Amino acid sequence: MTSALRKISMKSNGSDRNYLPSRPRRLPNIQHANSVHVVEEFGVLVRDFVINPSLIVPTELRLPGDDSNLFLQANNGNVRAEVWVVDARSRCYHKLPFYSEAIAPGKVFITVNALASYFENRIVIHSLSGCIGSITVTASSDVALYLPANFVGPVNVVGGRGTKFSDGIKPLISTVLEVAGRQVYFMGSFPGKITEGEAWSGSTVTIKVQNCDDATATLYRSDEFQARSTECITQ
Numbered sequence: 001m002t003s004a005l006r007k008i009s010m011k012s013n014g015s016d017r018n019y020l021p022s023r024p025r026r027l028p029n030i031q032h033a034n035s036v037h038v039v040e041e042f043g044v045l046v047r048d049f050v051i052n053p054s055l056i057v058p059t060e061l062r063l064p065g066d067d068s069n070l071f072l073q074a075n076n077g078n079v080r081a082e083v084w085v086v087d088a089r090s091r092c093y094h095k096l097p098f099y100s101e102a103i104a105p106g107k108v109f110i111t112v113n114a115l116a117s118y119f120e121n122r123i124v125i126h127s128l129s130g131c132i133g134s135i136t137v138t139a140s141s142d143v144a145l146y147l148p149a150n151f152v153g154p155v156n157v158v159g160g161r162g163t164k165f166s167d168g169i170k171p172l173i174s175t176v177l178e179v180a181g182r183q184v185y186f187m188g189s190f191p192g193k194i195t196e197g198e199a200w201s202g203s204t205v206t207i208k209v210q211n212c213d214d215a216t217a218t219l220y221r222s223d224e225f226q227a228r229s230t231e232c233i234t235q
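Using full-length UniProt numbering, read the sequence shown as starting at 1 and increasing by one per residue.
In structure tokens:
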């Protein structure tokens, strides 16, 4: 993956000078958690989560075989989730940065499975540092994924009708591969400290669209979510 990134001349997908990000959304007043596993058998899975990867979860409270910090699955519906990734030092989203390289508690693994073949799945990820870990979304319908503006890493999209980008995130995206059934992009500035042959060890996003050739994956900046939600309500 790294060698391919270094050899390919990445092309920018353009920019929008008129784009103005909205104010960051505040951290909700809910308990911090880690190792969360939620399966919705019927209907839409709608939930907010504050994930604190430094929280120690006793072994008997963890589901055997599930290493995700957050696992969400809707067996007969869609997923509408908003997730804040925070550091243990503060419950305030705005005061302290999280995932400082000096105290990073480890990567966060987020897995979302949405098995219904109708309506849009929406996953919003907030993180002041942009360092998340691994996000894997498997869906049978459209996916709208909101990422922190300072997220850096590869975005892999498999299946479906292709990938779209909002005006806010488009300037941050470089194209690596676009072929039938698969697209690979890199979001953010490619780190200069990576050496030839070294594997990528930072954050990654994988979106898998299955059983629906017409479904589309659309990427947004997480600070676009509030503006888009308000726009949808007023229309």
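Cβ coordinates follow ideal geometry from the N, Cα and C atoms, glycine included. The structure presented is a predicted model; accordingly, all values stated were derived computationally and were not measured.
> DSSP beta-bridge partners for P154?
Replying inline: F186
>> Contact defined as beta carbons within less than 8 Å: I believe A114 pairs with S140. What is the distance between those atoms, to the nearest angstrom?
In response: 7 Å
>> Given this structure, state the Cα-to-Cα distance separating V38 from A149, to the nearest angstrom.
In response: 27 Å
>> Under DSSP, the beta strand (DSSP E) around W84 begins and ends at which residues?
In response: 79–85
>> Among the candidates L177, I169, R182, whose CA atom is the shortest distance from the CA of G160?
In response: R182
>> Between which two residues does the beta strand (DSSP E) holding I110 run?
In response: 108–114
> The beta strand (DSSP E) with E196 in it runs from where to where?
Replying inline: Counting along the chain, E196 falls outside any beta strand (DSSP E), and DSSP gives it neither H nor E.
> Rounded to a whole number of angstroms, what is the C-alpha to C-alpha distance between I72 and I56?
Replying inline: A quick correction: the sequence has Leu, not Ile, at residue 72. About 20 Å.
>> Pull the bridge partners of L219 from the DSSP assignment, please.
In response: L145, F165
>> Rounding to the nearest angstrom, what Cα-Cα distance links P28 and P191 in this structure?
In response: 33 Å
> With 16 as the cutoff for other CB atoms within 10 Å, does S100 come out buried or exposed?
Replying inline: Only weak support is given to the placement of S100: the predicted model assigns it a pLDDT of 31, under 50, and the value that follows is read from those uncertain coordinates. Exposed, since its Cβ has fewer than 16 Cβ neighbours within 10 Å.
>> V143 and N121 - do their beta-carbons sit closer together than 8 Å?
In response: yes
> Under 8 Å between the Cβ atoms of G153 and M187?
Replying inline: yes
> Whole-angstrom Cβ separation of L219 and V155, contact assumed at under 8 Å?
Replying inline: 7 Å
>> So, at 6 Å on beta carbons, what are the nonlocal neighbours of H32 in its own chain, with the 5 sequence-adjacent residues on each side left out?
In response: V50, N52
>> Can you look up E41 in the DSSP assignment and give me helix, strand or coil?
In response: coil
>> Let me check understanding here. Comparing Cα to Cα, which of C131, A81, E60 lies closest to S201?
In response: C131
> What number of angstroms, rounded off, separates the C-alpha of L128 from the C-alpha of T59?
Replying inline: 29 Å
>> I'd like to check one pair, L145 with A215: are the Cβ atoms closer than 8 Å?
In response: no
>> Beta-carbon within less than 6 Å of R221's beta-carbon, same chain only, minus the 5 sequence neighbours each way: which residues are those?
In response: A149, G168, I169
> Since F151 contacts S203 with CB under 8 Å, what's their CB separation in whole angstroms?
Replying inline: 6 Å
> For F49, which residues does DSSP report across the bridge?
Replying inline: V83
> Whose CA, out of E178, Y185, A180, V158, lies closest to the CA of P171?
Replying inline: Y185
>> Can you tell me whether G77 is buried or exposed? The criterion is at least 16 other CB atoms within 10 Å of its CB, across all chains shown.
In response: buried
> Where DSSP assigns a beta bridge to E178, which residues make up the other side?
Replying inline: Q183
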